[in-house]
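Beneath this line is the structure, given in structure tokens, with notes to follow.
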DNA sequence: GCGCACAATGTTGTATACAATATATCCCAG
DNA sequence: CTGGGATATATTGTATACAACATTGTGCGC
């Protein structure tokens, strides 16, 4: 879809390029929560001035994907336990009804696109690229919102999915992502049948399932602060 | 709460100062949709460099309150008819359940705060300051989300309320805001009684009522484009 | 050896200068 | 008088220089 890491030559390399690249890296868990994103560092990597980097970072901060601490710099966000709860609660309010609407509006082309999505996800899993599989799994939800033709909610879901990726990085406990894939399959079928009620129900269950797959009992502050304090912010 | 227009002396005048001031002006309908927000102009007004103004504008753009057109500048957003529908649909998904939660968590202090809010709103109306009354009416909804202790949803509602203010500026047809005030009163009572179910129901009705008070049949593009083309972008 | 103050370094925040683009003006051909 | 094109003006986009702040390292006194 969009060019992510490879910025070969003719592309203008705008702030969006940088913010998309960083966002993608976070989605794919190549950037861990807490990682410092130095401005000069990013400037060098993408060969743009700090002005552009700054714009990109501000954009990511507005999405709660990174946190900018004044005079300290930008860090990949570390959602608290409370925040994790909130994000999934918000998703449970928005996505089921959106899935219903998507089922009502979906065309054959849309369904084909969703299926292609799943195929790519499986391919990534088989290739051992767990990060990319997770990223695609998230994009699946955004795609449904797009099919529902609801830009406002799609934007919100896009942000919530991004935050979910960070939450998963911090609090995930289940190993296999197979059940998830099953849920997506069932959703595609419901949408393909234009069965709104079923799609809504399935999405609701799917989100509750995801939600319950998180370590919500672990003391949150301890874990992430220990990580930061013991291992430092450096990653990769 | 926050200092809005008056920045007397010692305050550092950051990007938030500017963005809050502009946001407030939009909430109060002192800035009409389509108004151009020149960078130099804002620099002069708030006595900061364009760098700060730019940061503020980017922040507002992320909230869909203004639109930044490349090489053209920033303009107060003109939500389309579709967008208006979407914003209220999103609110109808988020706010009723949030009101329920607020009712469950509300303390006596919270209720007092809400009542004070209404009092101020009435005072503004009596003083003929319709803009400020509208702004307070919007803040009422945000306040409920705050009482619900749900920062994630509160942020979303905050943005949706801001966008609603623009939508009202463009598509409002009803004259009196009395019914609205009544609805808020009823909501306060339900919240004061910690009656979650009733609060949810009342909020749902209130939003549908607001939604139905809009001119959703008028061709949208015509109206706003005519405005721009006939009157120009200049305002005030 | 330990703790604290101070200096050195690096990073972020802000302002400004310059470049690129869009808009407005003016002039001239028709 | 109208229309189109070229120039002039104004505004936004970007890079860079400098200031402010935080962090780190060093050395002195105890």
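Residue numbers (this note's numbering), protein chains in the order written: chain V, 3 to 238; chain E, 3 to 238. All C-beta atoms in this analysis are idealised placements derived from N, C-alpha and C, irrespective of residue type, glycine included. This structure is a prediction, so every number in the text was calculated from the model and none was measured.
Using a CB distance below 8 Å, no part of the segment 170-203 of chain V faces chain E.
Rounded to whole angstroms, residue 31 of chain E and residue 78 of chain E show a C-alpha spacing of 11 Å. At least 7 Å separates the beta-carbon of residue 95 of chain V from that of residue 93 of chain E. By the rule that beta-carbons nearer than 7 Å mark a contact, residue 88 of chain V touches chain E. Look at residue 133 of chain V here: in three-state DSSP terms it is helix. A Cβ-Cβ contact shorter than 7 Å links residue 65 of chain E with residue 161 of chain E. Contact annotation: residue 112 of chain E and residue 149 of chain E have beta-carbon atoms nearer than 7 Å. Scanning its chain for C-beta atoms nearer than 6 Å, with the 5 sequence neighbours on each side dropped, one finds around residue 52 of chain V the residues 41 and 45, in chain order.
Residue 78 of chain E is bridged by DSSP to E:68.
The secondary-structure analysis by DSSP pairs residue 107 of chain V with nothing; it has no beta-bridge partner. By a beta-carbon distance limit of 8 Å, residue 136 of chain V does not contact residue 173 of chain V. Their separation comes to about 14 Å. The beta carbon of residue 68 of chain V sits closer than 6 Å to the beta carbons of 62, 76, 78 and 79 from its chain, once the five residues preceding and following it are set aside; these are given in chain order. Residues 149 and 193 of the same chain have their beta carbon placed closer than 6 Å to that of residue 108 of chain V, with the five preceding and five following residues left out of the count. Here residue 101 of chain E is not near residue 159 of chain E, since their CB atoms are 7 Å or more apart. Residue contact with chain E for residue 155 of chain V: present (Cβ-Cβ distance below 7 Å to some residue of chain E). Out of V:86, V:185 and V:167, the CA that lies nearest to the CA of residue 132 of chain V is found in V:167. A direct Cα-to-Cα measurement between residue 205 of chain E and residue 182 of chain E gives close to 11 Å.
The closest CA to that of residue 139 of chain V, considering only V:155, V:154, V:117 and V:151, is found on V:117. DSSP, reduced to helix, strand and coil, places residue 219 of chain E outside both helices and strands of the structure shown, so it counts as coil. Ranking V:165, V:119, V:125 and V:218 by CA distance to the CA of residue 89 of chain V puts V:165 first. Residue range 41-48 is occupied by the alpha helix (DSSP H) that includes residue 44 of chain V. The shortest C-alpha to C-alpha distance from residue 186 of chain V to any of V:196, V:176, V:201 and V:197 is the one to V:201. For residue 37 of chain V, no alpha helix (DSSP H) segment is defined, and its DSSP state is neither H nor E. Scanning chain V for C-beta atoms nearer than 8 Å to the C-beta of residue 19 of chain E yields nothing, as the closest lies near 14 Å away. Distance check between residue 49 of chain V and each of V:20, V:36 and V:57 places V:20 closest, using alpha-carbon atoms only.
Considering only E:209, E:153 and E:134, the residue with the shortest C-alpha distance to residue 33 of chain E is E:134. DSSP places residue 16 of chain V outside any alpha helix (DSSP H), giving it a letter other than H or E.
Distance between residue 123 of chain V and residue 210 of chain E, taken at the CA atoms: about 40 Å. Excluding five sequence positions before and after residue 39 of chain V, the CB atoms of its chain that fall closer than 6 Å to its own CB belong to 76, given in chain order. Chain V has no Cβ within less than 7 Å of the Cβ of residue 122 of chain E. At the C-beta level, residue 197 of chain E and residue 105 of chain E come within 7 Å of one another. Counting C-beta atoms within 10 angstroms of its own C-beta, residue 25 of chain E has 16 or more neighbours from the protein chains shown and is therefore classed as buried.
Taking CB atoms only, residue 92 of chain V has a neighbour in chain E less than 7 Å away.
Excluding five sequence positions before and after residue 190 of chain V, the CB atoms of its chain that fall closer than 8 Å to its own CB belong to 113, 116, 117 and 120, given in chain order.
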